[in-house]
Amino acid sequence: MVLGGAQLIHHGTLKVFNKSIDRKAKQKKIKLIVKSRFKNRHGDLCTEMDKSIPIRQGRSDVSKFEFDEKVLSDISQTADKVSSSRRKLIKLSLATAGAAIAGQVLPFRTAHAQSGEIHVASMFDLTGNLNIYGVQAMNVSKYAVDSINRGGGVLGKKLILHAYDTQSKIELYSRYAQEIGSDDRVAAVVGCFTGASREAARPVLSRYGKILFFPTIDEGGECDKLTFMQGSDCLQQEAPLIEWAAKTVGKTFYIVAADYVYGHVATAWTQSLVSKQGGSIKGVEYVPLDVSDFGSTIRKIQTASPAVVMSNLVGNNHIAFYRQFAAAGLNKNIKIISPTFGLGNEQTVLTPEEASGIVVAYSYFESIDSPANKQFLDGFRKMYPNAGPISDPPVQVWNGWQQWKVAVEKAGTTDTAKVVAALESGIPYVGPSGKVSTDGPSHRNIQDIHLAKVSSRQGFEIIQSFGQVKPSREVVGAGACDLTGKDASSHRMINPKF
53 MVLGGAQLIH
63 HGTLKVFNKS
73 IDRKAKQKKI
83 KLIVKSRFKN
93 RHGDLCTEMD
103 KSIPIRQGRS
113 DVSKFEFDEK
123 VLSDISQTAD
133 KVSSSRRKLI
143 KLSLATAGAA
153 IAGQVLPFRT
163 AHAQSGEIHV
173 ASMFDLTGNL
183 NIYGVQAMNV
193 SKYAVDSINR
203 GGGVLGKKLI
213 LHAYDTQSKI
223 ELYSRYAQEI
233 GSDDRVAAVV
243 GCFTGASREA
253 ARPVLSRYGK
263 ILFFPTIDEG
273 GECDKLTFMQ
283 GSDCLQQEAP
293 LIEWAAKTVG
303 KTFYIVAADY
313 VYGHVATAWT
323 QSLVSKQGGS
333 IKGVEYVPLD
343 VSDFGSTIRK
353 IQTASPAVVM
363 SNLVGNNHIA
373 FYRQFAAAGL
383 NKNIKIISPT
393 FGLGNEQTVL
403 TPEEASGIVV
413 AYSYFESIDS
423 PANKQFLDGF
433 RKMYPNAGPI
443 SDPPVQVWNG
453 WQQWKVAVEK
463 AGTTDTAKVV
473 AALESGIPYV
483 GPSGKVSTDG
493 PSHRNIQDIH
503 LAKVSSRQGF
513 EIIQSFGQVK
523 PSREVVGAGA
533 CDLTGKDASS
543 HRMINPKF
């Protein structure tokens with residue numbers, strides 16, 4: 053569909069391909085009205101978007117949607133009025149994109165938007181293999197923004213959330229990062245789930261001067277002035293897990309890991325930490341994300357007969373491992389520990405017999421008894437009564453938005469450099485997971501860590517807690533990153549060495 057020379061297109065939200073029309077239309081607050089089909093497709097995720105959606109830049113198909121004819125006519129007239137400035141704006145857009153592609157870091161800048169508004173963005177997998185993680189993360193992102201707005205916004209301004217469904221496709225992370233980066237209204241981004249998706253988006257966002265909060269547990273190695281790692285790192289999780297297992301279960305381990313960057317780095321940490329506990333590794337196996345048949349893996353574990361299996365598996369397909377492990381009767385004699393199990397509420401997908409007894413380590417569990425957690429859960433259940441349990445990454449999404457808010461208010465501006473400095477100062481935020489603050493040199497959170505086991509009721513029972521655990525500043529085999537010292541201008545990923 054073409055209106056006044058501009059192609060109207062859809063991808064999770066409605067957008068306009070012609071950037072000149074997008075800017076003019078935004079100034080006039082022109083919106084497209086989308087009827088119930090949009091709501092039906094995305095369910096509760098779009099209840100706030102099914103009536104009126106700002107037009108933005110992007111690409112997709114609008115043929116399945118119905119639009120208010122008067123609004124379309126108004127947009128067409130606006131497009132005609134601004135067509136004379138089209139060439140100038142396209143040249144500016146191309147110059148900006150060229151600088152980003154060339155690897156230049158654009159100057160830090162204050163996000164610009166309408167008076168009384170601050171624009172922010174989230175990218176999560178709402179469809180595809182990784183949607184077991186993305187849907188709840190986006191729910192909490194919307195909840196956090198809504199909560200901040202109900203509390204008066206940030207610097208007295210309302211937040212406008214731009215939400216993107218990356219469909220479990222790495223290429224969409226880089227595409228949407230480019231779109232977000234080129235939109236100078238956007239002040240911050242909370243998003244991505246896997247290390248691979250983060251590394252598709254991070255360099256692009258960084259070149260445009262956008263702050264990224266990554267909410268998931270991660271492998272380490274990020275050394276980027278504009279990236280903040282919200283989830284626990286491998287050391288924060290695996291050190292207490294392995295120490296507990298070595299003392300209470302046994303010192304022989306078998307490692308099963310997802311065959312991508314996180315799985316390999318987490319396994320390197322496992323090997324190092326097991327060695328420090330005087331243990332031994334009986335076997336290591338890396339499993340592609342699309343594999344769901346673990347017959348050969350089960351047989352290898354039976355032959356190796358370890359006391360403990362460390363599972364660094366990730367994703368929907370890998371849930372089958374736990375089911376097949378229990379079906380073989382191995383859960384009766386071999387303990388599974390994991391820094392990843394439960395991220396997508398796998399304990400509710402498996403039967404109690406299949407999941408009971410698995411031990412995990414995170415900074416957040418719903419069972420944390422605190423006023424802040426109760427308030428968080430009550431508000432979330434009111435907004436999303438049928439959303440299911442909340443795991444650690446969605447709470448890190450919440451923490452990301454809240455820590456950014458605190459930093460912006462300390463800085464008195466959304467100016468990127470000033471907000472980064474405020475975060476690096478270690479200002480604390482007390483939320484559902486307890487106290488969190490940024491460790492300046494690593495851009496990682498100092499936070500509480502809890503060991504918990506899956507109960508017979510498919511929930512988690514906390515068995516041991518560790519207060520204010522510091523993250524690692526070391527990258528496996530590659531030294532340390534210091535973003536407040538020698539790496540203060542860094543925008544790179546340090547590759548681990550095994």
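Numbering follows the numbering used here, with no gaps: position 65 of the sequence shown is 117. C-beta: ideal position from N, C-alpha, C; glycine also.
Option nearest residue i by Cα separation, candidates the options
i	options	result
residue 293	321, 432, 422 and 425	321
residue 237	387, 208, 527 and 212	212
residue 442	424, 458 and 418	418
residue 216	423, 210 and 224	224
residue 390	258, 365, 488 and 416	365
residue 180	318, 168, 342 and 267	342
residue 214	193, 383 and 204	193
residue 263	466, 504, 498 and 547	466
residue 218	537, 235 and 182	182
residue 329	290, 471 and 315	290
residue 518	415, 351 and 172	415
residue 403	509, 178 and 540	509
residue 325	205, 305, 250 and 502	305
residue 259	282, 242, 229 and 283	229
residue 316	253, 436, 502 and 340	340
residue 424	541, 392 and 486	486
residue 352	546, 380 and 178	380
residue 50	369, 205 and 175	The structure shown has nothing for residue 50, since the chain only spans 53 to 550.
Per DSSP, cross-strand counterpart(s) of residue i
i	result
residue 496	281 and 491
residue 243	175
residue 263	240
residue 211	170
residue 322	Answer is none; residue 322 lacks a bridge partner.
residue 512	506
residue 518	501
residue 567	Outside the shown range of the chain (53 to 550) lies residue 567, about which nothing can therefore be said.
residue 418	Beta-bridge pairing links residue 418 to no other residue.
residue 332	304
residue 363	308
Integer Cβ distance of residue i from residue j, believed to fall under 8 Å
i	j	result
residue 346	residue 372	6 Å
residue 245	residue 185	5 Å
residue 478	residue 492	6 Å
residue 428	residue 484	4 Å
residue 367	residue 407	The Cβ separation is near 16 Å, so there is no contact.
residue 444	residue 283	7 Å
residue 281	residue 496	5 Å
residue 336	residue 355	Contact doesn't hold; Cβ gap of about 14 Å is too wide.
residue 276	residue 254	6 Å
residue 397	residue 440	6 Å
Chain-order list of residues whose beta-carbon lies under 6 Å from that of residue i (same chain, five-residue window excluded)
i	result
residue 196	450 and 453
residue 456	240
residue 426	none
residue 387	301 and 360
residue 459	471, 474 and 475
residue 201	210 and 211
residue 399	407, 506 and 510
residue 447	416, 484 and 485
Residue environment, residue i, which counts as buried when at least 16 other CB atoms sit within 10 Å
i	result
residue 438	exposed
residue 412	buried
residue 395	buried
residue 363	buried
residue 199	buried
residue 405	exposed
residue 513	exposed
residue 207	exposed
residue 308	buried
residue 150	Caution applies to residue 150, whose pLDDT of 40 falls short of 50 and renders its modelled position unreliable; the model cannot decide the point.
residue 515	exposed
residue 480	exposed
residue 482	exposed
residue 231	buried
residue 261	buried
Cutoff 7 Å; reference residue i; Cβ partners in own chain excluding five residues on either side
i	result
residue 559	The shown model of the chain, from 53 to 550, leaves out residue 559, and the question about it has no answer.
residue 313	247, 248 and 271
residue 168	209 and 210
residue 524	272, 285 and 287
residue 221	180
residue 331	298, 303, 304 and 305
residue 121	Its pLDDT being 36, under 50, residue 121 is placed unreliably in this model, and the value from its coordinates should be taken loosely. Here the set comprises nothing.
Residues near residue i in its chain [Cβ-Cβ closer than 8 Å; skip 5 each side]
i	result
residue 549	528, 529 and 530
residue 409	383, 387, 388, 505 and 506
heavy atom of the ligand SAM below 6 Å from residue i C-beta
i	result
residue 169	As presented, the structure is devoid of all ligands, the ligand SAM included, so that no description of it is given.
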